[in-house]
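Please read the structure below before turning to the comments.
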Amino acid sequence: MGCPKEFSVKGGMGSALLTQPKKAQEILRILVQGVKIPITCKIRILHDLESTVELCKQLADCGIAAIAVHGRTKDERPRHMNHNDFIRAVSQSVNIPVIANGGSKEIERYEDIAKFREETGCSSVMLARAAQWNCSIFRPEGLLPLDDVIAAYLCYAVDYDNAPANSKYCVQNMLRELQETPRGKKFLEAQTLQQMCSLWGLSEYCSKKQLEFKESGLQDRHAVVPVLLEPQLKKRKIGTEGATDDIVEMQCSFLRSLYTSDVDLPKTKLLNWARVRGLKHPTYTTQQEDKLFKSVVTLDGKKYSSSYCDTSMCGQTLVPIFFLMCPESLLVCHYILHIERGSPALQDGRRINAEQSRELHLCACVL
-19 MGCPKEFSVK GGMGSALLTQ PKKAQEILRI LVQGVKIPIT CKIRILHDLE
31 STVELCKQLA DCGIAAIAVH GRTKDERPRH MNHNDFIRAV SQSVNIPVIA
81 NGGSKEIERY EDIAKFREET GCSSVMLARA AQWNCSIFRP EGLLPLDDVI
131 AAYLCYAVDY DNAPANSKYC VQNMLRELQE TPRGKKFLEA QTLQQMCSLW
181 GLSEYCSKKQ LEFKESGLQD RHAVVPVLLE PQLKKRKIGT EGATDDIVEM
231 QCSFLRSLYT SDVDLPKTKL LNWARVRGLK HPTYTTQQED KLFKSVVTLD
281 GKKYSSSYCD TSMCGQTLVP IFFLMCPESL LVCHYILHIE RGSPALQDGR
331 RINAEQSREL HLCACVL
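The opening position of the sequence shown corresponds to residue -19 in this note's numbering, with each subsequent residue numbered one higher.
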């Protein structure tokens, strides 16, 4: 019950439950009675101390094992001071463990964690931003150099085939103001794990690990096909070469960062292309498994699909765009070596512009 973001509050979730204590209590009681593991909850403070303490007492009476208290109201943000006095008052008023939260702004070293716990009188401390900035904050011996932490994190990202977008987000949280340095700016341009790793001298490690995956028969996250789809997509027409099935399939993945406007998104472009030609709107048949999508796009009696499962259906839409809207790219894709944002370089020395880059970014999958 701590998230103050609009998408949570509008859905009646997160800090919206702070104004509905009876509903919050009902949820907690059902959970406590229905599962065998300990149930905890987390809240933000209310605008006055008495109301905050009373709410925590009501929640504690539901049988929960512990309560975490973030020392800011739902309208306050990290730049505002954390109300440690509110957290201390709660810890002195309930008979369950209280976890102090919201102190990252004042926590720069391991010793500060204990100081925060003492100031709030809590049994333990919950950290988010301080741990994101440098997870070695938990080392009693002191912080590790940031470059060492980032390099270690990237090794884990490679080892577990983590999504590049998520890996990039995590490293950005570590870099913070260092994103404005020359290396930071190069990092912001990176789109693949290989490109990110190269900035910390891990390019060879990344290549070696990916080769090991391939040689051992393991599929990376883009190559996974849901089991439910395997029978119906068994035969496909790959590219332009001689299969007889009616599904045209290519290896392509959607990179959202290349699209600055919604009007440039693949689904929007394909819809407009069909309208101009008086065709029926594209239809999508989609299967989802483990948060990955696999779709077949039908347009003008023909079916198109990407061989990759992705977190978005936009990758599937790129295939008909590739074949119908930019046929010249069939030649281009054989020459792409790497992609720099806005100006992919070709083996024969030519370059293509940002608009073509958005339509042809599917070629990045060959990296």
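Here a beta-carbon is modelled for each residue, glycine too, at the ideal position from N, C-alpha and C.
Sequence-distant Cβ neighbours of Gly(-18) in its own chain, meaning closer than 7 Å and more than five residues away, are Gly(-6), Ser(-5), Lys22, Ile23, Arg24 and His50. Here the C-alpha atom of Lys37 lies approximately 41 Å from the C-alpha atom of Glu157.
Excluding five sequence positions before and after Cys42, the CB atoms of its chain that fall closer than 7 Å to its own CB belong to Gln5, Leu8, Arg9 and Val12, given in chain order.
Cβ neighbours of Ile301 within its own chain (closer than 7 Å, five residues either side excluded): Pro246, Lys249, Leu250 and Glu339. By the criterion of at least three beta-carbon pairs nearer than 8 Å, the region 132 to 147 is in contact with the region 173 to 183. If you draw a straight line from the Cα of Leu26 to the Cα of Lys54, it comes to about 8 Å. With respect to the C-alpha of Lys282, the residue from Lys274, Tyr264, Phe273 and Lys188 having the closest C-alpha is Tyr264. The C-alpha of Val74 lies about 21 Å from the C-alpha of Ala94.
Counted as a single uninterrupted DSSP element, the stretch harbouring Ser104 is not any alpha helix (DSSP H) but the beta strand (DSSP E) occupying residues Ser104 to Met106. Secondary structure of Ala145 (DSSP, three-state): helix. With respect to the 9 Å criterion, Ser103 and Ala40 are not classified as neighbours on the basis of their beta carbons.
Rounded to whole angstroms, the gap between the alpha carbons of Ile79 and Val228 is 55 Å.
If you draw a straight line from the Cα of Tyr136 to the Cα of Val256, it is about 48 Å long. A direct Cα-to-Cα measurement between Thr20 and Lys3 gives close to 16 Å. Bridge pairing for Ala80: Val49 and Val105 [DSSP].
Setting aside the 5 residues that flank it on each side, Ser187 is surrounded in the same chain by Gln174, each with a C-beta closer than 8 Å to its C-beta; the list follows chain order. Here Arg89 really is in contact with Gly122; their C-beta atoms are around 7 Å apart, less than 8 Å. Residue environment for Ala48: buried (at least 16 other C-beta atoms within 10 angstroms of its C-beta). Residue pairing by DSSP places Thr266 opposite Ser275 in a beta bridge. In the same chain as Trp113, and ignoring 5 residues on each side of it, the C-beta atoms closer than 7 Å to its own belong to Asn153, Met154 and Arg156, in chain order. Listed in chain order, the non-local C-beta contacts of His60 below 8 Å within the same chain comprise Arg52, local neighbours out to five positions each way being set aside.
By the Cβ neighbour-count rule, Lys(-15) is exposed, with fewer than 16 other Cβ atoms within 10 Å of its own.
Beyond the five residues adjoining it in sequence on each side, Ala131 comes within less than 7 Å, by CB distance, of Trp180 and Leu182 in the same chain, given in chain order. Rounded to the nearest angstrom, the gap between the Cα atoms of Pro262 and Ser275 is 12 Å.
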